[in-house]
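Residue numbers (UniProt numbering): 3 to 205.
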Ligand code: GAR
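Following this line, the structure appears as structure tokens:
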């Protein structure tokens, strides 16, 4: 089974959606959280998932804390990282070690409205359509290659709360579905590799 870690900073509704998705071909072995008081930590406890809580301020720099995280991730055999409301920019240590294996969900139709408070920015901009984006993570802020998007309407009677609920509802559907697709592809690759290896040893 593919082993993955989820990175989150806050409430954890996306974390929950991934955990509750039936028959995902993955074992979530670790929650990584940069906020000691975050609600997502309790959700992980309820699912019996080990949590690694760290305080970035306790380290000299990003390289230092990412190296600590990397050691832990590698010890746990983690091959995919899924960011679910993780509000930090991923640095070179994780990016080079998990190339094209770090995925993020963002609550807008990227490249529009990157960064923090995307739903608030959408609401104040008065656009008629927004959405959610799942993308690979690169060194920028919400700039990596897009994997999937889902449109969400902004209704004239929306408040920030009703819009937030609609957008996050779309996130909770899209993210587990995309994760399934990515991991099924990955499993097929691993199987082909095994088969190729088997033949090369035979001949
Ligand atoms: C989600 O809407 C997620 O897309 C967003 O934070 C929220 C976390 O909610 N992420 C970003 O804005 C990343 N740039 P959750 O903790 O309930 O999953």
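A virtual CB, placed ideally from N, CA and C, is assigned to each residue, including glycine.
What would DSSP say about residue i, mapped onto helix, strand or coil?
i: residue 5; result: strand
i: residue 78; result: coil
i: residue 25; result: coil
i: residue 144; result: coil
i: residue 111; result: coil
i: residue 159; result: coil
i: residue 19; result: helix
i: residue 92; result: coil
i: residue 63; result: coil
i: residue 177; result: helix
i: residue 38; result: coil
i: residue 116; result: coil
So residue i and residue j are in contact, right, with Cβ under 8 Å, and what is the actual spacing, rounded?
i: residue 105; j: residue 125; result: At roughly 26 Å, the Cβ-Cβ gap does not stay under 8 Å, so residue 105 and residue 125 are not in contact.
i: residue 15; j: residue 37; result: Not really, about 15 Å apart at Cβ, beyond 8 Å.
i: residue 26; j: residue 178; result: 7 Å
i: residue 206; j: residue 20; result: One cannot answer for residue 206 here, as it falls past the ends of the chain, which runs 3 to 205.
i: residue 30; j: residue 43; result: So it is not a contact: roughly 14 Å between Cβ atoms.
i: residue 45; j: residue 69; result: That belief does not hold up - the Cβ atoms of residue 45 and residue 69 are roughly 27 Å apart, past 8 Å.
Taking the beta strand (DSSP E) that residue i belongs to, which residues open and close that run?
i: residue 151; result: 148–155
i: residue 53; result: 52–55
i: residue 33; result: 28–35
Who does residue i pair with in a DSSP beta bridge?
i: residue 133; result: 153
i: residue 85; result: 9, 106
i: residue 138; result: 105
What are the boundary residues of the alpha helix (DSSP H) that includes residue i?
i: residue 122; result: 120–127
i: residue 45; result: 41–48
Indicate whether residue i and residue j have their beta-carbon atoms separated by less than 9 Å.
i: residue 151; j: residue 175; result: no
i: residue 34; j: residue 13; result: no
i: residue 5; j: residue 81; result: yes
i: residue 65; j: residue 95; result: yes
i: residue 116; j: residue 145; result: yes
i: residue 172; j: residue 133; result: yes
i: residue 137; j: residue 157; result: no
i: residue 107; j: residue 165; result: no
i: residue 141; j: residue 181; result: no
i: residue 51; j: residue 32; result: yes
i: residue 109; j: residue 130; result: no
i: residue 88; j: residue 9; result: yes
i: residue 192; j: residue 28; result: no
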